[in-house]
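Novice:
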Amino acid sequence: MDIRFEEAEARFEGRTVLHPLTLSLSERRIGIIGLNGSGKTTFARMINGLVAPSAGYVVVNGFDTVQHGEKVRAETGFIFQNPQNQIILPILKEDIALGLKSRKLSRQESDAAVDAVLDRFGIGHLAARRAHELSGGELQLAALASVLATEPDILIMDEPTNQLDLKNRELVRRTIEGLDENIMVISHDLELVEDFDRMLLFHEGRLAADGPPADTIRLYRELAR
Amino acid sequence: MKTLYVEGDSVLHRLPPRVKLLGLAAAGIALFFFRSIPPLAVAALISAAIYASLGIGLRHSLARLRPIFLTIAVVALFTLLVGSAEEAATVLLRLTSLMLLAAAVTATTGIGDFIDEITLAARPLERLGLVKAADIGLSIGLVIRFVPEILDRYRAIKDAHRARGLKPRILTLAVPLIILTLKNADEIAAAIDARGIRAQK
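Just so you know, the sequences run in chain order Z and P. When we follow my numbering, the leftmost residue of the first sequence carries the number 57, and every step to the right adds one. When we follow my numbering, the leftmost residue of the second sequence carries the number 3, and every step to the right adds one.
(1) Would residue 183 of chain Z and residue 143 of chain Z qualify as a contact pair, given that the criterion is a beta-carbon distance under 8 Å?
(2) Taking 8 Å as the cut-off, decide whether the C-beta atoms of residue 57 of chain Z and residue 238 of chain Z are in contact.
(3) Which term fits residue 203 of chain P, buried or exposed, when burial requires 16 or more other beta carbons within 10 angstroms of its beta carbon?
(4) Using 8 Å as the threshold, is the stretch 91-104 of chain Z in touch with the stretch 64-80 of chain Z, meaning 3 or more CB pairs across them?
(5) Determine, using beta-carbon pairs with one atom in the stretch 35-54 of chain P and one in the stretch 88-100 of chain P, whether at least three such pairs fall under 8 Å.
(6) Apart from the five residues just before and just after residue 93 of chain P, which ones in its own chain have a Cβ nearer than 7 Å to its Cβ?
(7) Taking 8 Å as the limit between beta carbons, can you name the residues of its chain near residue 143 of chain P, skipping five residues before and five after?
(8) For the putative contact between residue 175 of chain P and residue 155 of chain P, defined by C-beta atoms under 8 Å, what is the C-beta separation to the nearest angstrom?
(9) Taking residue 63 of chain Z as part of the beta strand (DSSP E), name the residues at either end of that continuous run.
(10) Output the distance between the C-alpha atoms of residue 1 of chain Z and residue 274 of chain Z, rounded to the nearest integer angstrom.
(11) Can you give me the C-alpha to C-alpha distance between residue 89 of chain P and residue 29 of chain P, rounded to a whole angstrom?
(12) Residues of chain P with CB under 8 Å from residue 108 of chain Z, in chain order?
(13) Residues in the same chain with beta-carbon distance under 6 Å from residue 125 of chain Z, minus the five sequence neighbours each way, listed in chain order, please.
(14) Quick check on the burial criterion: 16 or more other C-beta atoms within 10 angstroms. Buried or exposed for residue 62 of chain P?
(15) To the nearest angstrom, report how far apart residue 249 of chain Z and residue 160 of chain P are at their CA atoms.
(16) With a threshold of 8 Å between beta-carbons, can residue 219 of chain Z be considered close to chain P, or not?
(17) Under the rule that 16 or more other beta-carbon atoms within 10 Å means buried, what is residue 133 of chain Z, buried or exposed?
(18) From what residue to what residue does the beta strand (DSSP E) around residue 80 of chain Z run?
(19) Along the chain, where does the beta strand (DSSP E) that runs through residue 132 of chain Z open and close?
(20) Using Cβ-Cβ distances below 8 Å, what residues of the stretch 173-196 of chain P are close to chain Z?
(21) Determine, for residue 5 of chain P, whether the minimum Cβ-Cβ distance to residues of chain Z falls below 8 Å.
(22) Identify the continuous beta strand (DSSP E) that holds residue 113 of chain Z and give its terminal residues.
(23) Secondary structure at residue 202 of chain P, three-state DSSP: helix, strand or coil?
(24) How far does the beta strand (DSSP E) with residue 71 of chain P in it extend, from its first residue to its last?
(25) Let me see if you follow: with CB-CB separation under 8 Å, is residue 147 of chain P close to chain Z or not?
(26) Just tell me which of P/9, P/124, P/187 has its CA closest to the CA of residue 56 of chain P.
Below is the structure:
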């Protein structure tokens, strides 16, 4: 994984949401924390190319997020805050197959890929279920399966344990711990990211701290007081 | 998200999606060739029998069809006001038949199959450079996918009115419904972009 921000800035309607930022990211597991409205989600969306920088540029695995948007999105999977909106088609196996269409697989190959990713997360029994019938944890795993089916190099998750009860939170946490992919997790659930390789703290649209999780979380707690 | 698809093993469930869609198109055209009540009444009965064969159940069927049927009733009433009773009955029977057939196809065809078939049907237009076939298929699939969700949202807004002791009015129902739907559409569009689904040819 190789992500570079070069004086990248995000402005919306005259308001600076993310101030000019220059940094490189290559660690396998990166946590992103900060108060609501601190710029975390904008930062993550800039990596995926969903938000284009108003100034500067962002390069992911050698591809500029503006000039090579499709390639960048093939490199980066993104799990949204609300998995209901992540899953586009109501039946889980249909939704995963939809994400695979760009690969031009045969029906058999596509079905096999869908089965493989569902089995990987132990949710094969949910293949024919409708998304609205799934629990919060199952829905989050379904969103994860739908994104990882396309085998991205980097997985970005925006508050994956948000709105989950304790049981489902543990389920999602264990699943994230077991992932082999490069992952970036935005979270208010500090336990989820406390043993990550690197932690970024955003505050009022600026990168306020960048380093080992213990130090960054300590500063975050001070800012939150 | 809910879906209009109903699981089952009826004859219609087993028919290939293409046959169902072509059949629906042919029936839609044929219904406009009949201008008298008896053949249209027969068509309505046949359509009702086809819909009943899905085994959805009367109560569930009424809940699914009521919004469209109310619209048809308004159109028929308007026809009665500006035309004759026979014309109104013709409109009522024709549109009811069409509604039942379309609802039967929607209830027995998964959205993925819809997208595949519509995409295939739009390929000739893509070859002419007019459209992207995959975008047309995805758009129609999303319309079908959004219908139950918009209805759910409408009910939730209505419940919120009741919970606060407010009388539901068209404006106070429509404005939050439109805002929420557009906001949700933005999020779905972002998810489609993030998953690279529109990049497909």
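Heads up, the beta-carbon is just placed ideally off N, CA and C, and yes, glycines get one too.
Specialist: Here's the rundown:
(1) Taking the first residue of the first sequence as 1, we reach residue 183 of chain Z at position 127. Taking the first residue of the first sequence as 1, we reach residue 143 of chain Z at position 87. No.
(2) Here the question's residue 57 of chain Z lines up with position 1 in the first sequence. Here the question's residue 238 of chain Z lines up with position 182 in the first sequence. In this structure, the beta-carbon distance from residue 57 of chain Z to residue 238 of chain Z falls below 8 Å.
(3) In the second sequence, residue 203 of chain P corresponds to position 201, counting from 1. Reliability of the predicted coordinates at residue 203 of chain P is poor, the pLDDT of 43 falling under 50, and the value obtained from them is presented with this limitation in mind. Counting Cβ neighbours within 10 Å, residue 203 of chain P comes out exposed, since fewer than 16 surround it.
(4) Note that the stretch 91-104 of chain Z touches the stretch 64-80 of chain Z; at least 3 beta-carbon pairs, one per stretch, sit closer than 8 Å.
(5) Yes: at least three Cβ pairs fall under 8 Å.
(6) Here residue 93 of chain P refers to the residue found at position 91 of the second sequence. Answer for residue 93 of chain P: 77, 78, 81, listed in chain order.
(7) Stepping through the second sequence from its first residue, residue 143 of chain P is reached at position 141. Cβ within range, chain order: 113, 114, 116, 117, 120.
(8) One-based indexing of the second sequence puts residue 175 of chain P at position 173. One-based indexing of the second sequence puts residue 155 of chain P at position 153. Going by Cβ atoms, the distance from residue 175 of chain P to residue 155 of chain P rounds to 10 Å, so no, they are not a contact pair.
(9) Here residue 63 of chain Z corresponds to residue number 7 of the first sequence, with the count starting at 1. Taken as a continuous stretch (DSSP letters only), the beta strand (DSSP E) holding residue 63 of chain Z covers 59-68.
(10) Given that chain Z is displayed from residue 57 to residue 281, the structure contains no residue 1 of chain Z and the question cannot be resolved.
(11) Your numbering for residue 89 of chain P matches position 87 in the second sequence. Your numbering for residue 29 of chain P matches position 27 in the second sequence. The alpha-carbon of residue 89 of chain P is positioned some 20 Å away from that of residue 29 of chain P.
(12) Working through the first sequence from its first residue, we reach residue 108 of chain Z at position 52. Residue 108 of chain Z does not reach chain P, its nearest Cβ partner there being about 12 Å away, counting only Cβ pairs nearer than 8 Å.
(13) Walking along the first sequence from the start, residue 125 of chain Z turns up at place 69. Contacts found: 105.
(14) Along the second sequence, read from residue 1 onward, the residue named residue 62 of chain P stands at position 60. Residue 62 of chain P is exposed by the Cβ-count criterion.
(15) Counting from 1 along the first sequence, the entry for residue 249 of chain Z is found at position 193. Counting from 1 along the second sequence, the entry for residue 160 of chain P is found at position 158. Inter-residue distance for residue 249 of chain Z and residue 160 of chain P is about 40 Å (C-alpha atoms, whole angstroms).
(16) Taking the first sequence and counting its residues from 1, the one referred to as residue 219 of chain Z is at position 163. So, not an interface residue.
(17) Counting from 1 along the first sequence, the entry for residue 133 of chain Z is found at position 77. Residue 133 of chain Z comes out buried.
(18) The count along the first sequence starts at 1 and reaches residue 80 of chain Z at position 24. Start and end: 71-81.
(19) Walking along the first sequence from the start, residue 132 of chain Z turns up at place 76. Boundaries of the beta strand (DSSP E) around residue 132 of chain Z: 132-135.
(20) If the cut-off is 8 Å between Cβ atoms, the stretch 173-196 of chain P has 186, 189, 190, 192, 193, 194, 195, 196 near chain Z.
(21) On the second sequence, position 3 is the one that residue 5 of chain P refers to. It does: the Cβ of residue 5 of chain P has a partner Cβ on chain Z nearer than 8 Å.
(22) Counted from its first residue, the first sequence places residue 113 of chain Z at position 57. From DSSP, the beta strand (DSSP E) with residue 113 of chain Z extends over 111-116.
(23) Start at 1 with the first residue of the second sequence, and residue 202 of chain P comes out as number 200. Only weak support is given to the placement of residue 202 of chain P: the predicted model assigns it a pLDDT of 47, under 50, and the question is left unresolved by the model.
(24) On the second sequence, residue 71 of chain P is found 69 positions in, with the first residue counted as 1. Counting along the chain, residue 71 of chain P falls outside any beta strand (DSSP E), though it belongs to the alpha helix (DSSP H) covering 60-84.
(25) On the second sequence, position 145 is the one that residue 147 of chain P refers to. True, the Cβ-Cβ gap to chain Z drops below 8 Å.
(26) Here residue 56 of chain P refers to the residue found at position 54 when the second sequence is read from its first residue. Out of P/9, P/124, P/187, P/9 has the C-alpha closest to the C-alpha of residue 56 of chain P.
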